[in-house]
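See below for the structure under consideration.
Residue numbers (our numbering), protein chains in the order written: chain A, 103 to 212; chain B, 287 to 400.
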């Protein structure tokens with residue numbers, strides 16, 4: 103059975119801290135791994151990773167995929183209160199299907 | 287404005303009633319999807335459609351039905367056969383196919399069964 107596991111389930115940090123969110127997967131026919139941020143309603147797309155070892159970066163956020171370890175990490179440096187959200191990891195298998203993890207709930211306190 | 291719209295935002299249903307959730311996109315995307323999100327669980331795929339007049343069951347299709355008569359629209363009907371329909375429903379769309387295909391989400395509909 104396909105599985106995507108995220109850790110930790112929830113996290114509370116202070117503004118300015120650096121956080122690392124983890125995603126591990128066991129999915130047949132892996133195509134890519136995606137990260138989304140969900141603040142209140144619609145998840146918004148952050149990154150798509152297809153190749154191992156190549157870091158994707160956007161401002162204070164970065165992510166990398168390790169296909170050997172079947173995992174990915176999402177790093178957020180110098181966190182701000184606006185980073186408070188649920189971060190979702192999803193693995194694309196085959197043509198269209200995404201398998202989602204349960205998410206990591208991040209709270210950044212001022 | 288390009289994007290995905292879902293309506294209504296909130297929906298209350300009595301047991302035994304069918305309800306239809308609307309999803310419209312003006313992104314000219316071929317593929318559309320319906321997911322269900324429950325507290326403490328990841329998004330789960332209900333149905334998806336790669337092209338007009340075609341759709342496939344996802345992982346939890348029982349008690350749901352869809353249609354895809356127009357490229358822009360992919361309505362979801364929650365039937366009385368769905369045993370636990372209270373959830374947050376998200377619609378998504380993507381260009382369709384290709385290794386870089388990315389799904390973009392609408393704002394969601396929260397359905398509560400009274």
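Using N, Cα and C, we set each Cβ at its ideal position, and we do this for glycine too.
Local Cβ density within 10 Å of residue i, reported as buried at 16 or more and exposed below that
i              : result
residue 371(B) : buried
residue 168(A) : exposed
residue 149(A) : buried
residue 205(A) : buried
residue 159(A) : exposed
residue 145(A) : buried
residue 153(A) : exposed
CB contact flag (residue i, residue j, <8 Å)
i              : j              : result
residue 175(A) : residue 122(A) : yes
residue 375(B) : residue 395(B) : yes
residue 402(B) : residue 361(B) : The shown model of chain B, from 287 to 400, leaves out residue 402(B), and the question about it has no answer.
residue 170(A) : residue 104(A) : no
residue 377(B) : residue 292(B) : yes
residue 329(B) : residue 321(B) : yes
residue 180(A) : residue 207(A) : no
Residue i - containing beta strand (DSSP E), residue span
i              : result
residue 124(A) : 121 to 128
residue 331(B) : 330 to 337
residue 354(B) : Run containing residue 354(B): none; DSSP gives neither H nor E here.
Cβ shell of residue i (< 8 Å), same chain only, five flanking positions each side left out
i              : result
residue 348(B) : 367, 368
Given residue i as reference, the closest of the options once Cα atoms are compared
i              : options                        : result
residue 336(B) : 291(B), 350(B), 319(B)         : 319(B)
residue 108(A) : 199(A), 210(A), 212(A), 188(A) : 188(A)
residue 110(A) : 172(A), 124(A), 147(A), 155(A) : 124(A)
residue 340(B) : 350(B), 325(B), 317(B)         : 317(B)
Same chain, Cβ closer than 6 Å to residue i, neighbours up to 5 away in sequence not counted
i              : result
residue 157(A) : 164, 166
residue 300(B) : 400
Same chain, Cβ closer than 7 Å to residue i, five either side skipped, listed in chain order
i              : result
residue 132(A) : 193, 195
residue 210(A) : 115, 117, 181, 182, 183, 185, 186
residue 345(B) : 330, 331
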